[in-house]
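A.B. asks: Quick note, the sequences are listed as chains A and B, same order.
First residue of the first sequence? That's 14 in the numbering used here, and the numbers climb one at a time after it.
First residue of the second sequence? That's 5 in the numbering used here, and the numbers climb one at a time after it.
Before I ask anything, here is the structure I am working with.
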Amino acid sequence: VSAFLARVLARAALLGLAGLVPLSSQAGQTLDGVKARGALRCGVSEGIPGFSERDAAGRWDGIDVDFCRAVAAAALGDAEKVKFVPLKASERFPALQGNAIDLLLRETTWTLGREARLKVLFPAVLYFDAQALMVPAKAGVKALADLDGATICVEKGTTPERYLPDYFAARGLHFRALVLDSSAEVAEAFFTGRCRAYVSDASQLAAARLQAPGGAQAFVILPERIGKEPLGPVVRYGDDDWFTLVRWVLFALIAAEEVGVTRENAARLRDTAANPTLRRALGAGGGYGPALGVGEDWALKAIESVGNYGEMFERNITRVLDLDRGLNRLWTQGGLMYAPPFR
Amino acid sequence: VSNLQIYLSLGVFAAVILAIALDLIDMAVAALLGTCALIVFGVLGGEDAGPILGIAGGPLALLFGGMVAARTLATTGIFERIGDGFLRATGGSGKRFLLLLIALVAPVCAFLPNATTVILLAPIIIRVAVALEVDFVAPMILTAIISNSAGLLTLVGDPATFLVGSSIGMSFGQYLHTVSLGGLLSVLVLIPMLPVLFREVWRVRRPLPPVEPPKPIERPWFALLALGTLGVMVALFLVGEALPRPIGPPAAAIVGAALALLVVYEAKVEPVDAVLRDIDWKTLVFLASIFCLVQGITKTGLLQSLSLTLNAAFGNHLIAVALVLLVGIGALSSLLANIPVVAASLVMVKGYLVAAQAVPELGMAPGFSDWPAVTVPVFIAMMFGATLGGNGTLIGASANVVAAGICASQGRRVTFTDFLRYGLPVAAVQIAVSAFYVLVLSRLMH
Numbered sequence: 014v015s016a017f018l019a020r021v022l023a024r025a026a027l028l029g030l031a032g033l034v035p036l037s038s039q040a041g042q043t044l045d046g047v048k049a050r051g052a053l054r055c056g057v058s059e060g061i062p063g064f065s066e067r068d069a070a071g072r073w074d075g076i077d078v079d080f081c082r083a084v085a086a087a088a089l090g091d092a093e094k095v096k097f098v099p100l101k102a103s104e105r106f107p108a109l110q111g112n113a114i115d116l117l118l119r120e121t122t123w124t125l126g127r128e129a130r131l132k133v134l135f136p137a138v139l140y141f142d143a144q145a146l147m148v149p150a151k152a153g154v155k156a157l158a159d160l161d162g163a164t165i166c167v168e169k170g171t172t173p174e175r176y177l178p179d180y181f182a183a184r185g186l187h188f189r190a191l192v193l194d195s196s197a198e199v200a201e202a203f204f205t206g207r208c209r210a211y212v213s214d215a216s217q218l219a220a221a222r223l224q225a226p227g228g229a230q231a232f233v234i235l236p237e238r239i240g241k242e243p244l245g246p247v248v249r250y251g252d253d254d255w256f257t258l259v260r261w262v263l264f265a266l267i268a269a270e271e272v273g274v275t276r277e278n279a280a281r282l283r284d285t286a287a288n289p290t291l292r293r294a295l296g297a298g299g300g301y302g303p304a305l306g307v308g309e310d311w312a313l314k315a316i317e318s319v320g321n322y323g324e325m326f327e328r329n330i331t332r333v334l335d336l337d338r339g340l341n342r343l344w345t346q347g348g349l350m351y352a353p354p355f356r
Numbered sequence: 005v006s007n008l009q010i011y012l013s014l015g016v017f018a019a020v021i022l023a024i025a026l027d028l029i030d031m032a033v034a035a036l037l038g039t040c041a042l043i044v045f046g047v048l049g050g051e052d053a054g055p056i057l058g059i060a061g062g063p064l065a066l067l068f069g070g071m072v073a074a075r076t077l078a079t080t081g082i083f084e085r086i087g088d089g090f091l092r093a094t095g096g097s098g099k100r101f102l103l104l105l106i107a108l109v110a111p112v113c114a115f116l117p118n119a120t121t122v123i124l125l126a127p128i129i130i131r132v133a134v135a136l137e138v139d140f141v142a143p144m145i146l147t148a149i150i151s152n153s154a155g156l157l158t159l160v161g162d163p164a165t166f167l168v169g170s171s172i173g174m175s176f177g178q179y180l181h182t183v184s185l186g187g188l189l190s191v192l193v194l195i196p197m198l199p200v201l202f203r204e205v206w207r208v209r210r211p212l213p214p215v216e217p218p219k220p221i222e223r224p225w226f227a228l229l230a231l232g233t234l235g236v237m238v239a240l241f242l243v244g245e246a247l248p249r250p251i252g253p254p255a256a257a258i259v260g261a262a263l264a265l266l267v268v269y270e271a272k273v274e275p276v277d278a279v280l281r282d283i284d285w286k287t288l289v290f291l292a293s294i295f296c297l298v299q300g301i302t303k304t305g306l307l308q309s310l311s312l313t314l315n316a317a318f319g320n321h322l323i324a325v326a327l328v329l330l331v332g333i334g335a336l337s338s339l340l341a342n343i344p345v346v347a348a349s350l351v352m353v354k355g356y357l358v359a360a361q362a363v364p365e366l367g368m369a370p371g372f373s374d375w376p377a378v379t380v381p382v383f384i385a386m387m388f389g390a391t392l393g394g395n396g397t398l399i400g401a402s403a404n405v406v407a408a409g410i411c412a413s414q415g416r417r418v419t420f421t422d423f424l425r426y427g428l429p430v431a432a433v434q435i436a437v438s439a440f441y442v443l444v445l446s447r448l449m450h
């Protein structure tokens, strides 16, 4: 009887009662909402240097923040029309699914599980990150092998908590994990010497060492990278128009760097560039703005507001976190940043 | 949806509810005008047709099927037979009549769609009430209230319980183990309220006329075939979804209605047009319009976006959240159709549990079933709120609207306040009992 009832219930669930739950949105709904509201609601962190952080005057900075401004510039013609919504990590998907934000940019890793099960979509990668280990500079640790038998601090529920044991075991190494509830607790434990190394995303380690006692120079991030952490913007499932706009704003910033369009020269190049495709892309007319539901000069507005991808990276990551571009270099320079053609 | 459209949706909905509550205008006309206003203001458009059909199609199909089946059976003489039996069982006592109503309606509604059951039982109930010389409005309202409450007895008793239960992977057996007792309490708590709320009926004692041999059924083959179509409908309600090509309850109701109309046509007892003319179209139009208005409210996303507010207000105090949901969803369900309320609330509740770190982020994924025991009372509170809240007002549940429509067709109009006099105290007491049940459950599952 229970098997029969289970079958009945499973069938009924598959038949679509679950489909009543409004997890997805309709095409164009998000952009329409942004336009009607006159502001983009962007979910960011509560404060991660280099990505999203408020300065003393209360103004938001960081690469995530810049990208929000670029999308607002493309959608609304004004990069300042953004309402930043600071979110804890656990709040980011409820905020997106609950329609409290239009766009999520909170150091969120693109994974199959999130797209397939959570029904959210990652239009592109904004920052190729990876997990790494940080150690005190004076400890003399040069590579992972030097940490055999060490105590390593790790945040509860994060990727390295699950994969670090396998990574060490595969190399015949051992370690003891000190698992703590939040990144703040992990950082405190590490900086007070309760563990020899701190494992997290390289960008997060770089941000943490900015606040380290003794200064950032007192700690080094080991060169080995563990796993992939492609970070990017996240949108709700089902709104293809919004997904496309967000994706192509990022591609516009990448393509701009590739062809030498900068914050300073973008407006001039729209009128004077010899390449008609470039002029069209910058809003000289005959472009794809109306098809995307925005103005012809959407790409120009985005570039003028935050600069091209390289400018954005330099301003937020290189200068703030002292991290090199690594995989975030353009494809023409050996990196992974590549934009499809604007035709 | 812009802020202006949000205000318009809420304003139009509030105006419709007020117009109905204050009896300023016919309720179907009020709801239809409200829907038109949302279309004119651009809140509702063509893109909403799909979501509205997705939510309204099932309940409307169930009602249409039930109405056709009941109308077909009305000319067979079967209702008279069953009604006479019921009347004898009451022994002329209003008290026994009301108690028997609970005993009859509750088990049926634990498995069959509530409003359809009300439609099918209404001719019998009205017949007994008339024979006992009591106003049939009170027994009809009680029938609607029992049917809504009995939806909690099993996982499949009400679309709202099923929606919540299936979304957290709760099995039929698990439901019986953790929720059904609370559902039973909600039904049983009606008994001590009967002498107070239904005093006029409760006190009645009438001598019954001497037993007469039952009148022979004039067209036994027609009656048998009409009963057969009802049997097909009920059988499909119970097992249709397990067939190789699944047939859900709404489709089962349409199949039953089509077969009933075929029987009417072939038997040539009366024209098919006459049966269709007697369908309570006004009730169907009213409910369809209400579903459109609810879509306007759902579209605002207000409910879905409350997950972070809940987290900010209550943190991980799940018991407090369960009680707030019980009362809040109960209040909302007393004015809105409970299916869309539950659908939107599920997004909110799952989002809250993820934000409060009671479950990992995959808790928001459809099909996630690894819910810690401590979170289950939150979902159970939603079920109670959604189901019992419907008892509060005339427009809280389709069974209430159907009961009022049947009364109107018999010459007794039921206003919003008429229903409120019975519904509000019942809903308040049931929600209070449910709160106690949820509290006990939370302690046990902690």
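All residues carry an ideal CB built from backbone N, CA and C; glycine is no exception.
Since the model is a prediction, treat every value here as computed from it, not as a measurement.
Taking residue 65 (chain A) as the reference, give the member of A:338, A:333, A:345, A:284 with the closest Cα.
C.D. replies: Mapped onto the first sequence, residue 65 (chain A) falls at position 52. Comparing alpha carbon positions, the residue from A:338, A:333, A:345, A:284 closest to residue 65 (chain A) is A:333.
A.B. asks: Identify whether residue 185 (chain B) lies in helix, strand or coil by the three-state DSSP scheme.
C.D. replies: The sequence position of residue 185 (chain B) within the second sequence is 181, counting from 1. Helix.
A.B. asks: Whose C-beta lies closer than 7 Å to the C-beta of residue 4 (chain A) among residues of the same chain, with five residues either side of it excluded?
C.D. replies: This structure cannot speak to residue 4 (chain A), because chain A is shown only from 14 to 356.
A.B. asks: So is residue 26 (chain A) buried or exposed if we call it buried at 16+ other beta carbons inside 10 Å?
C.D. replies: As a first step, residue 26 (chain A) is located in the first sequence; it is residue number 13 there, counting from the start. For residue 26 (chain A), the predicted structure reports a pLDDT of 41, less than 50, and the residue's modelled location is therefore unreliable. A value from the coordinates is still provided. It counts as buried.
A.B. asks: Just the Cα atoms here: how many angstroms apart are residue 246 (chain B) and residue 112 (chain B)?
C.D. replies: Position 242 of the second sequence, counted from the start, is the residue given in the question as residue 246 (chain B). Position 108 of the second sequence, counted from the start, is the residue given in the question as residue 112 (chain B). Taking the straight line joining both Cα atoms gives about 20 Å.
A.B. asks: What's the call for residue 59 (chain A), buried or exposed, on a 16-neighbour Cβ count within 10 Å?
C.D. replies: Reading the first sequence from its first residue, position 46 is the one you call residue 59 (chain A). Counting Cβ neighbours within 10 Å, residue 59 (chain A) comes out exposed, since fewer than 16 surround it.
A.B. asks: In the structure shown, what three-state DSSP assignment does residue 67 (chain A) receive?
C.D. replies: Residue mapping note: residue 67 (chain A) aligns to position 54 of the first sequence, counting from 1. Correct three-state label for residue 67 (chain A): strand.
A.B. asks: For residue 224 (chain A), count neighbouring Cβ atoms within 10 angstroms of its own Cβ and tell me buried if that reaches 16, exposed if not.
C.D. replies: Looking up residue 224 (chain A) in the first sequence gives position 211. Exposed, by the Cβ-count rule.
A.B. asks: I want to see whether chain B comes within less than 7 Å of residue 131 (chain A), judged by CB atoms only; does it?
C.D. replies: The residue labelled residue 131 (chain A) in the question sits at position 118 within the first sequence. With 7 Å as the cut-off, residue 131 (chain A) counts as an interface residue toward chain B.
A.B. asks: Go ahead and pull the three-state DSSP assignment for residue 240 (chain A).
C.D. replies: Taking the first residue of the first sequence as 1, we reach residue 240 (chain A) at position 227. Looking at residue 240 (chain A) - three-state DSSP - the assignment turns out to be strand.
A.B. asks: Roughly how many whole angstroms lie between the Cα atoms of residue 249 (chain A) and residue 15 (chain B)?
C.D. replies: In the first sequence, the residue the question calls residue 249 (chain A) occupies position 236. In the second sequence, the residue the question calls residue 15 (chain B) occupies position 11. Whole-angstrom Cα-Cα distance: 28 Å.
A.B. asks: CB residue 393 (chain B) to CB residue 334 (chain B), shorter than 7 Å?
C.D. replies: In the second sequence, the residue the question calls residue 393 (chain B) occupies position 389. In the second sequence, the residue the question calls residue 334 (chain B) occupies position 330. Note that the C-beta distance between residue 393 (chain B) and residue 334 (chain B) is below 7 Å.
A.B. asks: Is the beta carbon of residue 431 (chain B) less than 7 Å from the beta carbon of residue 396 (chain B)?
C.D. replies: One-based indexing of the second sequence puts residue 431 (chain B) at position 427. One-based indexing of the second sequence puts residue 396 (chain B) at position 392. With respect to the 7 Å criterion, residue 431 (chain B) and residue 396 (chain B) are classified as neighbours on the basis of their beta carbons.
A.B. asks: Would you verify that the beta carbon of residue 308 (chain B) is, or is not, closer than 7 Å to some beta carbon of chain A?
C.D. replies: Translated into positions along the second sequence, residue 308 (chain B) becomes position 304. Yes, because at least one Cβ of chain A sits closer than 7 Å to the Cβ of residue 308 (chain B).
A.B. asks: Please work out which residues of its chain come closer than 6 Å, Cβ to Cβ, to residue 387 (chain B), disregarding the five sequence neighbours upstream and downstream, and give them in chain order.
C.D. replies: Along the second sequence, read from residue 1 onward, the residue named residue 387 (chain B) stands at position 383. Answer for residue 387 (chain B): 165, 168, listed in chain order.
A.B. asks: For residue 358 (chain B), which residues in chain A fall below 7 Å Cβ to Cβ?
C.D. replies: Against the second sequence, residue 358 (chain B) aligns to sequence position 354. Going along chain A in sequence order, the residues near residue 358 (chain B) (Cβ under 7 Å) are 103, 106, 107.
A.B. asks: Of all the residues that make up the region 364-378 of chain B, which are near chain A by a beta-carbon distance shorter than 8 Å?
C.D. replies: 364, 365, 366, 368, 369, 370, 371, 372
A.B. asks: Leaving out five residues before and five after residue 357 (chain A) in sequence, what residues of the same chain have Cβ atoms less than 7 Å from its Cβ?
C.D. replies: The requested residue 357 (chain A) does not occur in the structure, where chain A is confined to residues 14 to 356.
A.B. asks: Can a CB atom of chain B be found closer than 7 Å to the CB of residue 111 (chain A)?
C.D. replies: What you label residue 111 (chain A) is simply residue 98 of the first sequence in a count that begins at 1. Output row for residue 111 (chain A): interface = yes.
A.B. asks: Can you pull the chain A residues whose beta carbon is under 8 Å from the beta carbon of residue 6 (chain B), in chain order?
C.D. replies: Position 2 of the second sequence, counted from the start, is the residue given in the question as residue 6 (chain B). 46, 49, 50, listed in chain order.
A.B. asks: Quick one: what's got a C-beta closer than 8 Å to residue 195 (chain B)'s C-beta in the same chain, skipping five residues either side?
C.D. replies: The residue you call residue 195 (chain B) lines up with position 191 of the second sequence. Taken in chain order, the residues that qualify are 103, 106.
A.B. asks: Alpha carbon to alpha carbon, how far is residue 363 (chain B) from residue 76 (chain A)? Give it in angstroms, no decimals.
C.D. replies: What you label residue 76 (chain A) is simply residue 63 of the first sequence in a count that begins at 1. What you label residue 363 (chain B) is simply residue 359 of the second sequence in a count that begins at 1. In this structure, the straight-line span from the alpha carbon of residue 76 (chain A) to that of residue 363 (chain B) is close to 30 Å.
A.B. asks: If I follow the unbroken beta strand (DSSP E) through residue 164 (chain A), where does it start and stop?
C.D. replies: As a position in the first sequence, residue 164 (chain A) is number 151, starting the count at 1. Start and end: 163-168.
A.B. asks: State the DSSP-derived secondary structure class of residue 146 (chain A), mapped to helix, strand or coil.
C.D. replies: Reading the first sequence from its first residue, position 133 is the one you call residue 146 (chain A). Residue 146 (chain A) falls in the strand class under three-state DSSP.
A.B. asks: Step through the CB atoms of chain A and report whether any lies within less than 7 Å of the CB of residue 134 (chain B).
C.D. replies: Numbered from 1 along the second sequence, position 130 holds the residue referred to as residue 134 (chain B). No - not a single Cβ of chain A is within 7 Å of the one on residue 134 (chain B).
A.B. asks: Inspect the beta-carbon positions of residue 47 (chain B) and residue 300 (chain B) and report whether they are closer than 7 Å.
C.D. replies: Counted from its first residue, the second sequence places residue 47 (chain B) at position 43. Counted from its first residue, the second sequence places residue 300 (chain B) at position 296. Yes, Cβ-Cβ distance for residue 47 (chain B) and residue 300 (chain B) is below 7 Å.
A.B. asks: Considering only residues of the region 105-160 of chain B, which uninterrupted alpha helix (DSSP H) runs meet the minimum length of 4 residues and lie entirely inside it, listed in chain order?
C.D. replies: 118-135, 141-154
A.B. asks: Would you give the residue range spanned by the beta strand (DSSP E) that residue 210 (chain A) belongs to?
C.D. replies: Counted from its first residue, the first sequence places residue 210 (chain A) at position 197. Segment 210-214, the beta strand (DSSP E) holding residue 210 (chain A).
A.B. asks: Give the DSSP-derived three-state secondary structure of residue 188 (chain A) in the structure shown.
C.D. replies: The residue labelled residue 188 (chain A) in the question sits at position 175 within the first sequence. Residue 188 (chain A): strand per DSSP, three-state reduction.
A.B. asks: Quick check on the DSSP output: the beta strand (DSSP E) that includes residue 56 (chain A) runs from which residue to which?
C.D. replies: Position 43 of the first sequence, counted from the start, is the residue given in the question as residue 56 (chain A). 53-57 is the extent of the beta strand (DSSP E) around residue 56 (chain A).
A.B. asks: So residue 113 (chain A) and residue 309 (chain B) are in contact, right, with Cβ under 8 Å, and what is the actual spacing, rounded?
C.D. replies: Sequence index remark: in the first sequence, residue 113 (chain A) carries index 100 (1-based). Sequence index remark: in the second sequence, residue 309 (chain B) carries index 305 (1-based). About 5 Å separates the two Cβ atoms, so the contact holds.
A.B. asks: Are residue 143 (chain A) and residue 238 (chain A) closer than 7 Å when you measure CB to CB?
C.D. replies: By 1-based counting over the first sequence, the position of residue 143 (chain A) is 130. By 1-based counting over the first sequence, the position of residue 238 (chain A) is 225. Their beta carbons are under 7 Å apart, which means residue 143 (chain A) touches residue 238 (chain A) by this criterion.
A.B. asks: Could you tell me whether the region 200-219 of chain B touches the region 84-101 of chain B, where touching means 3 or more Cβ pairs closer than 8 Å?
C.D. replies: These segments touch.
A.B. asks: Using a cut-off of 8 Å between C-beta atoms, extract the partners of residue 170 (chain A) located in chain B.
C.D. replies: Residue mapping note: residue 170 (chain A) aligns to position 157 of the first sequence, counting from 1. Within chain B, the residues near residue 170 (chain A) are 364.
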